[in-house]
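Going left to right, the sequence shown walks through residues 1 to 320 as my numbering numbers them.
Everything below concerns the one structure shown next.
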Amino acid sequence: MKILITGGAGFIGSHLIDRLLSENHEVICIDNFDDFYDISEKKNNISNHFSFKNYTFHEGDITDKIFIKDIISSDTPEIIIHLAARAGVRPSIINPEKYYEVNVSGTLTLLETLRNIRIKKFIYASSSSVYGLNPKTPFSEEDATMNPASPYAASKIAGEALCHSFNNIYGINTLILRFFTVYGSRQRPDLAIRKFIRSILNKEVITMFGNGGTSRDYTHISDIVSGIIKTLDYDRAGCNIFNLGNSNPIKLIELIHAIEKHTGEKAILRYMDEQKGDVPITYADISKAKRELGYDPAVSLDEGIKEMIVWLKNLKLSSS
Ligand code: NAD
1 MKILITGGAG FIGSHLIDRL LSENHEVICI DNFDDFYDIS EKKNNISNHF SFKNYTFHEG
61 DITDKIFIKD IISSDTPEII IHLAARAGVR PSIINPEKYY EVNVSGTLTL LETLRNIRIK
121 KFIYASSSSV YGLNPKTPFS EEDATMNPAS PYAASKIAGE ALCHSFNNIY GINTLILRFF
181 TVYGSRQRPD LAIRKFIRSI LNKEVITMFG NGGTSRDYTH ISDIVSGIIK TLDYDRAGCN
241 IFNLGNSNPI KLIELIHAIE KHTGEKAILR YMDEQKGDVP ITYADISKAK RELGYDPAVS
301 LDEGIKEMIV WLKNLKLSSS
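As structure tokens, this is what we get:
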């Protein structure tokens, strides 16, 4: 299939493209090497992709209407997987405008371009954060999502709402995939597992917000990529939502103990008050994804952490 990926130089996008290229799909990648974290990491993520004949890269911004229209009309993808975003909860509190510009206006630019161009489907990367302060666990696709804890979560809800409305008006088939805390090699540097492994290996203090009782449904990148790949053949029309998580929430303190076990080092912890924007738990009900997509996450936290430790040891620790 001919597939356009936005944000294809990032953590999830580059892994997804590895898999799509190995399965001989034709891949068109858009990324603007946004400065949210070191662009040399992103360039490194995609360095192997250029050797594939079935890979095209376009550097540019998803909010640039002319750029997007040119690429979609000339490259004619059958499927668009829209991963480009400003990610991260805490920075969205500091700079909410940027999150709206990229996550909401960027998504709108892509969907608007599809008004007059036929594609099979538009796959939107959403997040567990849309469930916000949902008191009911596990989180099901049918739960209400109108209580976001951060501007990032609100921007992801707005992107989902645009997918619904463009499906209602223009019949564009949209798929909304809600990812739950993705980890693995190439993980973004702002995310907890990477920060904790690096600090423990460097014998640096870890700042832990709250008492360690918050839980996250950590999901390995290879499971997320398999879940996305399964949606390529999903042919139910409409706007369909799937949780892609692990359905096994882990407390923050348990995560730290697991990293201690696999590094053989003791964490030095400093406790701070809980941060605004954080939610107490994320926990995916994945029964719908299992039933309708055949999604079946397989990587345990122990396996995933061991692999990440090896990866991080190979990076220069001070800059990782
Ligand atoms: P990432 O920051 O590593 O990747 C995002 C990519 O998008 C980057 O390469 C960036 O340069 C690019 N980008 C940003 N703004 C752009 C713009 N205006 N135009 C073109 N490209 C732009 O993040 P990630 O962790 O790989 O996340 C990918 C998607 O998955 C995001 O939509 C994010 O909200 C979602 N998500 C991620 C997680 C997670 O745990 N990593 C969890 C839930 C949802």
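Virtual Cβ for every residue (Gly too), placed ideally from N, Cα, C.
For residue i and residue j, what's the separation of their Cα atoms in angstroms?
| i | j | result |
| --- | --- | --- |
| Phe-52 | Pro-148 | 41 Å |
| Ala-125 | Glu-265 | 35 Å |
| Arg-86 | Ser-105 | 12 Å |
| Glu-160 | Ile-176 | 7 Å |
| Ile-241 | Leu-4 | 20 Å |
| Thr-63 | Lys-69 | 11 Å |
| Ile-305 | Ile-117 | 43 Å |
| Ile-81 | Thr-231 | 10 Å |
| Ser-127 | Asn-202 | 31 Å |
| Glu-303 | Lys-65 | 42 Å |
| Leu-317 | Asp-190 | In this prediction, Leu-317 has a pLDDT of 44, which is less than 50 and means its spatial position is unreliable; what the coordinates show is noted afterwards. Going by the C-alpha atoms only, they are around 14 Å apart. |
| Leu-367 | Thr-174 | This structure gives no information on residue 367, because the portion of the chain shown stretches from 1 to 320. |
| Gly-277 | Asp-296 | 30 Å |
| Ser-320 | Leu-16 | Residue confidence is low: Ser-320 scores 48 on pLDDT, short of 50, so the model does not pin down where it sits. Its coordinate-derived value is still stated next. Rounded to the nearest angstrom, the two C-alpha atoms are 22 Å apart. |
| Phe-67 | Lys-288 | 36 Å |
| Ile-28 | Ile-46 | 12 Å |
| Ser-92 | Asn-314 | 30 Å |
| Leu-111 | Ala-158 | 13 Å |
| Ala-321 | Val-130 | Examination of residue 321 is not possible in this model, given that the chain is present from 1 through 320 alone. |
| Asp-143 | His-164 | 16 Å |
| Ile-79 | Asn-44 | 25 Å |
Is it the case that the CB of residue i approaches a heavy atom of the ligand NAD more closely than 7 Å?
| i | result |
| --- | --- |
| Val-182 | yes |
| Ser-127 | yes |
| Asp-63 | Residue identity check: residue 63 is Thr in the sequence provided, not Asp. Result yes, Cβ under 7 Å from the ligand NAD. |
| Lys-43 | no |
| Phe-242 | no |
| Val-102 | yes |
| Ala-154 | no |
| Ala-237 | no |
| Asn-95 | no |
| Leu-133 | no |
| Leu-21 | no |
| Gly-339 | The first residue shown for the chain is 1 and the last is 320, placing residue 339 beyond what the model contains. |
| Thr-214 | no |
| Leu-312 | no |
| Phe-193 | A small correction: the amino acid at residue 193 is Ile; Phe does not occupy that position in the sequence shown. Flag unset: Cβ of Ile-193 not near the ligand NAD. |
| Ala-84 | yes |
| Phe-50 | no |
Drop a sphere of 10 angstroms on the beta-carbon of residue i, count the other beta-carbons inside from all chains shown, and report buried for 16 or more, exposed for fewer.
| i | result |
| --- | --- |
| Val-89 | buried |
| Phe-122 | buried |
| Thr-282 | buried |
| Pro-151 | buried |
| Ile-169 | exposed |
| Leu-133 | exposed |
| Asn-32 | buried |
| Tyr-99 | buried |
| Ala-237 | exposed |
| Arg-178 | buried |
| Ile-71 | buried |
| Phe-139 | buried |
| Asp-233 | exposed |
| Glu-41 | buried |
| Ile-94 | exposed |
| Pro-135 | exposed |
| Tyr-55 | buried |
| Ala-9 | buried |
Contact defined as beta carbons within less than 8 Å: I believe residue i pairs with residue j. What is the distance between those atoms, to the nearest angstrom?
| i | j | result |
| --- | --- | --- |
| Leu-252 | Met-208 | 7 Å |
| Ser-185 | Trp-311 | 4 Å |
| Ile-206 | Ser-199 | 5 Å |
| Val-328 | Ile-224 | Shown here, the chain extends from 1 to 320; a query on residue 328 therefore has no answer. |
| Ile-172 | Phe-180 | That pair is no contact at about 26 Å. |
| Ile-286 | Ser-222 | 15 Å between Cβ atoms; not a contact. |
| Ile-197 | Ile-259 | 6 Å |
| Ile-250 | Leu-301 | 6 Å |
Hey, quick one: how far does the beta strand (DSSP E) through residue i stretch, first residue to last?
| i | result |
| --- | --- |
| Val-130 | Here Val-130 belongs to no beta strand (DSSP E), and DSSP marks it neither H nor E. |
| His-49 | That residue, His-49, is in no beta strand (DSSP E); it is neither H nor E in DSSP. |
| Val-310 | First-last for Val-310: 301–314, but that is the alpha helix (DSSP H), not the beta strand (DSSP E). |
| Tyr-99 | Looking at the DSSP string, Tyr-99 is not in any beta strand (DSSP E); the run it does join, the alpha helix (DSSP H), is 96–99. |
| Leu-4 | 2–6 |
| Glu-205 | The residue asked about is misnamed: residue 205 is Val in this sequence, not Glu. Taken as a continuous stretch (DSSP letters only), the beta strand (DSSP E) holding Val-205 covers 205–209. |
| Tyr-271 | 268–272 |
| Arg-178 | 174–179 |
| Leu-244 | 239–244 |
| Tyr-55 | 55–59 |
Grab the span of the alpha helix (DSSP H) containing residue i for me, first residue to last.
| i | result |
| --- | --- |
| Phe-196 | 192–201 |
| Thr-113 | 106–113 |
| Tyr-295 | From DSSP, Tyr-295 is part of no alpha helix (DSSP H); its letter is neither H nor E. |
| Val-225 | 221–231 |
Is residue i near the ligand COA, in the sense that its beta carbon is under 7 Å from a heavy atom of that ligand?
| i | result |
| --- | --- |
| Asp-75 | No copy of the ligand COA appears in this structure; the ligands present are the ligand NAD. |
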